[in-house]
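For the protein sequence lines, the chains are A and B, in the order given.
Residue 359 in numbering that gives the first Met the number 0 sits at position 360 of the first sequence, and the numbers go up by one each step.
Residue 306 in numbering that gives the first Met the number 0 sits at position 307 of the second sequence, and the numbers go up by one each step.
Number of protein chains: 2
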Amino acid sequence: MKTTNTQAVKIIPLGGLDKIGMNITAIEYNDTIIVVDCGISFPDDDMPGIDKVIPDVTYLVENREKVKGFVITHGHEDHIGAIPYIIPQINVPIYATKLTMGLIEHKLQEAKLLKKTRRKVVKHGGIVNLGELRVEFIKTNHSIAGASALAIYTPAGIIFHTGDFKVDYTPLFGEAIDLQRMGILGKKGILAVMSDSTNAMRPGFTPSEIKVAKTFDELFAEHAGSRLLVATFASNVDRVQQIVNTAYKYGRKVILQGRSMETVIEIAQKLEYVTIPENTLIDVSEIDRYPDEKLVFITTGSQGEEMAALSRMADGSHKKVHIKPGDTIILSSTPIPGNEKSVSKIINELEIRGADVIFQDTHVSGHACQEELKLIYSLLKPKYAIPVHGEYRYRLAGANIARSVGVAKENAFMIESGDVLALTQEKGEVIGKVQARGILVDGLGVGDVGNIVIRDRQALAENGIIMVTMCLEKGTNQLLSGPDIISRGFVYIRESGDLVNEMRSISLKAIEKCEKQHIRDWGKIKGEVRDSLEDYLWKKIKRNPMIIPVIMEV
Amino acid sequence: MKTTNTQAVKIIPLGGLDKIGMNITAIEYNDTIIVVDCGISFPDDDMPGIDKVIPDVTYLVENREKVKGFVITHGHEDHIGAIPYIIPQINVPIYATKLTMGLIEHKLQEAKLLKKTRRKVVKHGGIVNLGELRVEFIKTNHSIAGASALAIYTPAGIIFHTGDFKVDYTPLFGEAIDLQRMGILGKKGILAVMSDSTNAMRPGFTPSEIKVAKTFDELFAEHAGSRLLVATFASNVDRVQQIVNTAYKYGRKVILQGRSMETVIEIAQKLEYVTIPENTLIDVSEIDRYPDEKLVFITTGSQGEEMAALSRMADGSHKKVHIKPGDTIILSSTPIPGNEKSVSKIINELEIRGADVIFQDTHVSGHACQEELKLIYSLLKPKYAIPVHGEYRYRLAGANIARSVGVAKENAFMIESGDVLALTQEKGEVIGKVQARGILVDGLGVGDVGNIVIRDRQALAENGIIMVTMCLEKGTNQLLSGPDIISRGFVYIRESGDLVNEMRSISLKAIEKCEKQHIRDWGKIKGEVRDSLEDYLWKKIKRNPMIIPVIMEV
Numbered sequence: 000m001k002t003t004n005t006q007a008v009k010i011i012p013l014g015g016l017d018k019i020g021m022n023i024t025a026i027e028y029n030d031t032i033i034v035v036d037c038g039i040s041f042p043d044d045d046m047p048g049i050d051k052v053i054p055d056v057t058y059l060v061e062n063r064e065k066v067k068g069f070v071i072t073h074g075h076e077d078h079i080g081a082i083p084y085i086i087p088q089i090n091v092p093i094y095a096t097k098l099t100m101g102l103i104e105h106k107l108q109e110a111k112l113l114k115k116t117r118r119k120v121v122k123h124g125g126i127v128n129l130g131e132l133r134v135e136f137i138k139t140n141h142s143i144a145g146a147s148a149l150a151i152y153t154p155a156g157i158i159f160h161t162g163d164f165k166v167d168y169t170p171l172f173g174e175a176i177d178l179q180r181m182g183i184l185g186k187k188g189i190l191a192v193m194s195d196s197t198n199a200m201r202p203g204f205t206p207s208e209i210k211v212a213k214t215f216d217e218l219f220a221e222h223a224g225s226r227l228l229v230a231t232f233a234s235n236v237d238r239v240q241q242i243v244n245t246a247y248k249y250g251r252k253v254i255l256q257g258r259s260m261e262t263v264i265e266i267a268q269k270l271e272y273v274t275i276p277e278n279t280l281i282d283v284s285e286i287d288r289y290p291d292e293k294l295v296f297i298t299t300g301s302q303g304e305e306m307a308a309l310s311r312m313a314d315g316s317h318k319k320v321h322i323k324p325g326d327t328i329i330l331s332s333t334p335i336p337g338n339e340k341s342v343s344k345i346i347n348e349l350e351i352r353g354a355d356v357i358f359q360d361t362h363v364s365g366h367a368c369q370e371e372l373k374l375i376y377s378l379l380k381p382k383y384a385i386p387v388h389g390e391y392r393y394r395l396a397g398a399n400i401a402r403s404v405g406v407a408k409e410n411a412f413m414i415e416s417g418d419v420l421a422l423t424q425e426k427g428e429v430i431g432k433v434q435a436r437g438i439l440v441d442g443l444g445v446g447d448v449g450n451i452v453i454r455d456r457q458a459l460a461e462n463g464i465i466m467v468t469m470c471l472e473k474g475t476n477q478l479l480s481g482p483d484i485i486s487r488g489f490v491y492i493r494e495s496g497d498l499v500n501e502m503r504s505i506s507l508k509a510i511e512k513c514e515k516q517h518i519r520d521w522g523k524i525k526g527e528v529r530d531s532l533e534d535y536l537w538k539k540i541k542r543n544p545m546i547i548p549v550i551m552e553v
Numbered sequence: 000m001k002t003t004n005t006q007a008v009k010i011i012p013l014g015g016l017d018k019i020g021m022n023i024t025a026i027e028y029n030d031t032i033i034v035v036d037c038g039i040s041f042p043d044d045d046m047p048g049i050d051k052v053i054p055d056v057t058y059l060v061e062n063r064e065k066v067k068g069f070v071i072t073h074g075h076e077d078h079i080g081a082i083p084y085i086i087p088q089i090n091v092p093i094y095a096t097k098l099t100m101g102l103i104e105h106k107l108q109e110a111k112l113l114k115k116t117r118r119k120v121v122k123h124g125g126i127v128n129l130g131e132l133r134v135e136f137i138k139t140n141h142s143i144a145g146a147s148a149l150a151i152y153t154p155a156g157i158i159f160h161t162g163d164f165k166v167d168y169t170p171l172f173g174e175a176i177d178l179q180r181m182g183i184l185g186k187k188g189i190l191a192v193m194s195d196s197t198n199a200m201r202p203g204f205t206p207s208e209i210k211v212a213k214t215f216d217e218l219f220a221e222h223a224g225s226r227l228l229v230a231t232f233a234s235n236v237d238r239v240q241q242i243v244n245t246a247y248k249y250g251r252k253v254i255l256q257g258r259s260m261e262t263v264i265e266i267a268q269k270l271e272y273v274t275i276p277e278n279t280l281i282d283v284s285e286i287d288r289y290p291d292e293k294l295v296f297i298t299t300g301s302q303g304e305e306m307a308a309l310s311r312m313a314d315g316s317h318k319k320v321h322i323k324p325g326d327t328i329i330l331s332s333t334p335i336p337g338n339e340k341s342v343s344k345i346i347n348e349l350e351i352r353g354a355d356v357i358f359q360d361t362h363v364s365g366h367a368c369q370e371e372l373k374l375i376y377s378l379l380k381p382k383y384a385i386p387v388h389g390e391y392r393y394r395l396a397g398a399n400i401a402r403s404v405g406v407a408k409e410n411a412f413m414i415e416s417g418d419v420l421a422l423t424q425e426k427g428e429v430i431g432k433v434q435a436r437g438i439l440v441d442g443l444g445v446g447d448v449g450n451i452v453i454r455d456r457q458a459l460a461e462n463g464i465i466m467v468t469m470c471l472e473k474g475t476n477q478l479l480s481g482p483d484i485i486s487r488g489f490v491y492i493r494e495s496g497d498l499v500n501e502m503r504s505i506s507l508k509a510i511e512k513c514e515k516q517h518i519r520d521w522g523k524i525k526g527e528v529r530d531s532l533e534d535y536l537w538k539k540i541k542r543n544p545m546i547i548p549v550i551m552e553v
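Structural data, given as structure tokens:
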């Protein structure tokens, strides 16, 4: 495709590249910006107390009048989770396919934003016009139904965003990925492909979901005499549908466990993505009416999440379901890197209770492996490749795959969140940088926990805190009361009387030294107390608690 | 083997079964106790600030006069790390093979205990007499040289402890595991086998270390033009020897990086477990004298350990070694479960600096897989099996392997730390329980950080702390000064003025309420302040910081 227009289209990822999850990308042409996805990321281990991380959309707010809409590829948290936080800042319409929109609407409803937010459900093959851009939703396969790739038509050329995808020629429900449409678009000419890199380091193809169906059948047959529990992702509605179908075939009743499992499946049922035969779904309160071998629980917690249903069953804190010898638990998902230890902990707990725990041995990921990525690039034949969705080394692998099938070395871009990548038919280059970072959410507080607070939390966790309180007389600075020592997370004061007495007398000496030297500056007095205690504690027990001297004046 | 003596031998694991690592087992017969291994475990994620965990040896202290010695299987931290903490409590002789003893002596020296501690180096095939028990050290293979199994002769029969082992028919250095001796002992009759279960869930055989040698040769040939860095465990001295040999063959100089790498290899060289050709080892300060392709670094940090040399190179904080494009980094170890995320972080950082990071693709573990375990049980043919070294599900797999090759179902024991397992030729049963738990070490403090302190640290990390300080007049309880609000890890006060003002006025109201109601009890005043702030903060921002009201009296 040749175009006489020399203006560049700008691709500006506002998250997702330096931080896993939190997918959000602005596509800008002239006076039009559209936003692809609007996800959260989950906090790292070094962010204690943080519930989630949302993107900083300052750039969008500053260009508010240009922003025409959000186009959403699919309904996973890392693609839709930030919508309730961002809509109050940029209230533009949201475009998504049916199930994706159902999940978004649930979020908006919880945040009391549903009525205020314009929404439009788009079918696969459908096109929306947004200012100077047009977006076509194209059917793909993924571990959630309704997933889409987006062909974004700009005067500078077509940007093709794969979303999260895999190639499943034989999906259990619905259609396969629309490879024909990709071939047609490729023939027309694609300027750039932004492609999922999650599995770019894995050779071969991701197996079809049909493989999972076979294993369920075998597992249900093999464990016909046991009570069954299957743990999987709530959002994998096709997987849940399979479990329901297998349960029905084997005459078992199904119990859904876990808040997200119940919510998502309710939405999916309403939108007819999941069909549960009559008299199959029962409430957990009814389980005593049926023999064990006529029950199957479908539960959240396959990743060892601490508060999920499976975790509570494993540690015995689940009110309704008590694991017992003879139970068979099927983990229908592979641990995501970082979750191995929590998953292991749960398996041990379940086995100690006498349950038999099995991994469903077919690992069927929702993301394209190397051969699938080659296929997509070969169909689309873009000038530029921008691997997204994956840490640096995965994206680097993705760039190398693009290069291996025809993209010029310099045209496969490794960009960072905030980079402004300007593309024309002639050249592609990073021309600027906008603000992009994660904003921490803790409870209802958004952004009020910053680096200082996080560093304090880490320090408090490592070493605890000591407060030294004292009362000084106004004017004379004479010590009226104290110093008293209070400690949390350092040592247990009741069992460390000598240490506390010693700390008190060291603090007293520091205060007296200041008195003698007629030091009146509270900052200096506090500093003297802090320094002497720090020295003492490091020498005595090689620890470094946070020390907070507090002076009150009377 | 028949014996007329009906007294039981008692096997008492004091750690290692409910907690990974921290291997220590008392074997007791009549008036003799010997202790197999004396290791630490590393802290879990939910133990902030803790450096290591050591076993509680109250049972040994209470039976001090019975304890005849420590017999140590090999020199890994989870088998020797607690010795400096336990020797001051129970100063009995230590028996180990040469390299193991070298590593123990280094620890004792650092703790200034070397002179006080009796030690005896034992050769493979050697026997030590300890009270009514005799212990034979038998050659095995493992990821550290000098590893031993122990045949413990008791009047009730022979206890065979495998230590950590694998079967390597073709070790690169030294002898293969002494299977013949095991056959002879098995023929004599073994009462019980305590066996490594780390890889009991893996089918097949662990490959020989010889496989690794081949990959090193290929990797050095393939990357002949790059500066090379190989990351591995310091304690795997055979692996280090291979890297040295390959470096020598390809004319490269070797630089050791990381404190434990330097220490362990120095000890191993002195004891002739490692031989480094002359002019091969150079100091890091000399690297500028050689071209990149003539250098190979051998470094710690293959598990992504935060303070290790590789980690500092990756994040750019290493003073002497700066990673640059063209460098090739070989990770010569598989991430241990739980370390995947840290390893991934380091790989990303190294690749962002332009380095090429490769996993050495042969995973050569130091632990026996299923077929090896079957072999050992088939040689030893014990009456009882006690799987050790591994979390519950691994030990359960170990028990099932023992059963599959002839141990009676009820004779394969799943016991917990502290269980007293009494064995005779007639029967085996748990007859009691002794104190067994992990004692937390933080800096120089041993055991002063208990559950309360750990819970406080967790709470501080999640939500931070708020102190409310006030001065009251003696007698009247009239407010003289305050309330003042101090916060750490909650919100940043300078940016949250309104919230802090609100908290102050709520505290003031609570104090005034107490004044009006003539409440004089400090506990009640503090409670009132704490409760009103808690309510307010939960309603306002759904957070639960630790709230500490402090009253001073003047």
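Glycine included, C-beta positions come from ideal geometry on N, C-alpha and C.
Short Cβ contact (8 Å threshold) for residue i with residue j
i      : j      : result
A/V490 : B/V452 : yes
A/A25  : A/I19  : no
B/F429 : B/I329 : It should be noted that the sequence gives Val, not Phe, for residue 429 of chain B. In this structure, B/I329 does not lie closer than 8 Å to B/V429 by Cβ.
A/G463 : A/P544 : yes
B/S310 : B/I345 : yes
B/L364 : B/G303 : Per the sequence presented here, residue 364 of chain B reads as Ser, with Leu not at that position. It is not a contact, given that the beta carbons lie outside the stated cut-off.
A/Y393 : B/E350 : no
For residue i, the nearest candidate out of the options (CA to CA)
i      : options                        : result
A/T327 : A/Q424, A/G522, A/E390, A/G224 : A/G224
B/G185 : B/S234, B/C37, B/L379          : B/L379
A/V419 : A/Q434, A/N410, A/V134, A/E527 : A/Q434
B/L395 : A/P386, A/T423, A/G353, A/K426 : A/G353
Simplified DSSP assignment, three categories, for residue i
i      : result
A/E552 : strand
A/K1   : Low confidence applies here, because A/K1 scores a pLDDT of 46, under 50, leaving its location unreliable and the question unanswered by this model.
B/K186 : helix
A/I328 : strand
A/F296 : strand
B/A458 : helix
B/T139 : coil
Enclosing alpha helix (DSSP H) for residue i [first to last residue]
i      : result
B/H78  : 76 to 79
A/V263 : 258 to 269
A/P47  : Note, A/P47: premise wrong, no alpha helix (DSSP H); not H, not E.
B/D520 : Neither: B/D520 is in no alpha helix (DSSP H) and is coded neither H nor E.
A/K564 : With chain A represented from 0 up to 553, any question about residue 564 of chain A goes unanswered, as that position is not in the structure.
B/R402 : 391 to 403
Beta-bridge partners of residue i, as assigned by DSSP
i      : result
A/L536 : In DSSP, A/L536 forms no bridge with anything.
A/N128 : A/R133
A/P92  : A/P92 pairs with nothing; no bridge assigned.
First and last residue of the uninterrupted beta strand (DSSP E) at residue i
i      : result
B/M469 : 464 to 471
A/H160 : 156 to 160
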